[in-house]
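Just so we're aligned, residue 8 is where the sequence shown starts under our numbering, counting upward by one.
A virtual CB, placed ideally from N, CA and C, is assigned to each residue, including glycine.
This one's a predicted model, so the numbers in the text were calculated from it and none came from an experiment.
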Amino acid sequence: MSQEYIFTLLFSLLAFRMLVIVFHEFGHAVAALFHSDEKVSVYIGSYGNPEKSFHFQIKRLECFIKYNIFTWKGGLCIPHGKNISWKGNMYISLFGPLTTLTIGVLAGTSLLLFEKFSLSTMLIFAVAFSTILDFIFNIIPRKTQIKLHNGTFANNDGKQLMHLWNIRNVFDTYRKASNHYVAKEYNEAAVLFEKCIAPVAKNREIYKLTIACYLNGKNYIKAIALNETYTEIYHNSFDLYDMVTIGVIEIYKENYTKALELFEEALEISHENHIILNNRGYVLGLLNRHEEAIKDLDKALLINENFAFAWDNRGFSKIMLGQLEEGYTDLQKSLELDDQNSEVYRNIGIYHFKKKDYQTALEFYQKAVKIDAETHKIQAYIAEVTSKL
């Protein structure tokens, strides 16, 4: 094989690898548009990162394409419809890999029309190889999840198809629960997710979702009880997500040292995970190890500068170190990103308390209680400021 052919093959494989991402995600998108009346967002070159991307929208189809193709890390299709049927979801998950398989089969078959080896056959072979490889890579279920830009995780197409098949008999309940979850109606979501557990055999994802909803809904008693059952079943195969969940539960139990150990173990597996860095920073703050906490929170914000919880926790640690104005600036940034986090209001109250503005401190503590009466140590802070008035 001449150098010209080798160069053409290598360049073609690189170029078509990029095109395969486009084919794959638009395969998902076409199916999503057909089975939903809502908007469909497609990210080419990233797992949901709209930054540094060419953006355009054609009716219900919204696209984000990363400018620098050499930094492409796959793609993502997000249907925004809330009432897509089970069959529609199956088609959406299937049509990405099915699109690349179809192109690969057509390209491979067309090779039979050429009688001799040429640059044209080299190009067609590159198309066939790239697309069929994509199909195999995505249709085989993988245990390793894909980390999305917002810090959450998603399954590959094969794993998602298995999941959908597994929940087919409870899909309507599962869909309603998912809609509550997206709307941050966590307790409503948890009740519905829990109803799906018994009818569905060996689906740990539903367990995880239910526990996560109870935790987000501050129903720690239910979360702990369900996590104990989950642990009995899956303790021999705990993953990163499980470590984080148990760490959050240990925080509620005020077992801060145990929680810290779990987050440190999780960071050994995923040391660039901003959610875990934030959690460890939060626990370090609770242990009054604020300098260490700030280092973790700095890292978390370098990874995701729009992570409201990290701004809040860093602001708290700075205030506790006497860096009042810097801490207050962080809290204001957190408030801009999320004005429903009760701990931000509590921490702003602490800021005003340290400024000896006790009345304003009490007002912010009361705002925290209005959002969440179970805000960490809020009653102790209220008692402290009341004694000064």
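(request) Count the other C-beta atoms from every protein chain shown that fall within 10 angstroms of the C-beta of L120, then say buried if there are 16 or more, exposed otherwise. (result) Exposed: under 16 other Cβ atoms inside 10 Å.
(message) Quick check: the segment 74-89 against the segment 109-116, are at least 3 beta-carbon pairs closer than 8 Å?
(response) No contact exists between the segment 109-116 and the segment 74-89.
(message) I'd like the list of long-range same chain contacts for M8, defined as Cβ closer than 6 Å, with 5 residues on each side in sequence excluded.
(response) At M8 the pLDDT is 49, less than 50, meaning the model places this residue with poor confidence and gives no usable figure here.
(message) Measuring only the C-alpha atoms, how far is A36 from L308?
(response) Answer to the nearest angstrom: the Cα atoms are 32 Å apart.
(request) To the nearest angstrom, report how far apart T138 and F30 are at their CA atoms. (result) Straight across, the Cα-Cα distance linking T138 with F30 is about 9 Å.
(message) Am I right that A397 and L344 are in contact with their C-beta atoms under 8 Å? What's the rounded C-beta distance?
(response) No information on residue 397 is available, as it lies outside the stretch 8 to 396 that the chain covers here.
(message) So if DSSP puts Q64 in a beta bridge, which residue, or which two residues, is it bridged to?
(response) DSSP, once it has assigned bridges, lists E69 as partnering Q64.
(message) Contact defined as beta carbons within less than 8 Å: I believe C203 pairs with I213. What is the distance between those atoms, to the nearest angstrom?
(response) Right, the Cβ-Cβ distance comes to about 5 Å (below 8 Å), so this counts as a contact.
(request) Can you say whether Y352 is buried or exposed, counting buried as having 16 or more other CB atoms within 10 angstroms of its CB? (result) Buried, by the Cβ-count rule.
(request) Give, in chain order, every unbroken run of the alpha helix (DSSP H) that is at least 4 residues long and sits entirely within the segment 304-356. (result) As far as the segment 304-356 is concerned, its whole alpha helix (DSSP H) runs of at least 4 residues are 315-327 and 331-344.
(message) Nearest by alpha-carbon distance to M327: which of Y237, Y289 and F200 is it?
(response) Nearest of Y237, Y289 and F200 to M327, Cα basis: Y289.
(request) Could you say if the segment 35-51 and the segment 98-106 meet the contact criterion of at least three C-beta pairs nearer than 8 Å? (result) Yes, the segment 35-51 touches the segment 98-106.
(request) Between the Cα of H62 and those of I72, A300 and D305, spot the shortest distance and give me the residue it belongs to. (result) Nearest of I72, A300 and D305 to H62, Cα basis: I72.
(request) Could you name the residues of the same chain whose beta carbon sits closer than 8 Å to that of T393, not counting the 5 residues immediately before and after it, in chain order? (result) Cβ neighbours of T393 within its own chain (closer than 8 Å, five residues either side excluded): L369.
(request) Measure the C-alpha to C-alpha separation of A184 and D246 and round it to an integer number of angstroms. (result) C-alpha of A184 to C-alpha of D246: approximately 24 Å in a straight line.
(request) Measure the Cβ-Cβ separation of A161 and I153 and say whether it is below 8 Å. (result) Contact: yes.
(message) Short of 6 Å in beta carbon distance, which residues of its chain neighbour L294, apart from the five on each side in sequence? Order them along the chain.
(response) Listed in chain order, the non-local C-beta contacts of L294 below 6 Å within the same chain comprise Y263, local neighbours out to five positions each way being set aside.
(request) Measure the CB-CB distance between C84 and E32 and report whether it falls below 8 Å. (result) In this structure, E32 lies closer than 8 Å to C84 by Cβ.
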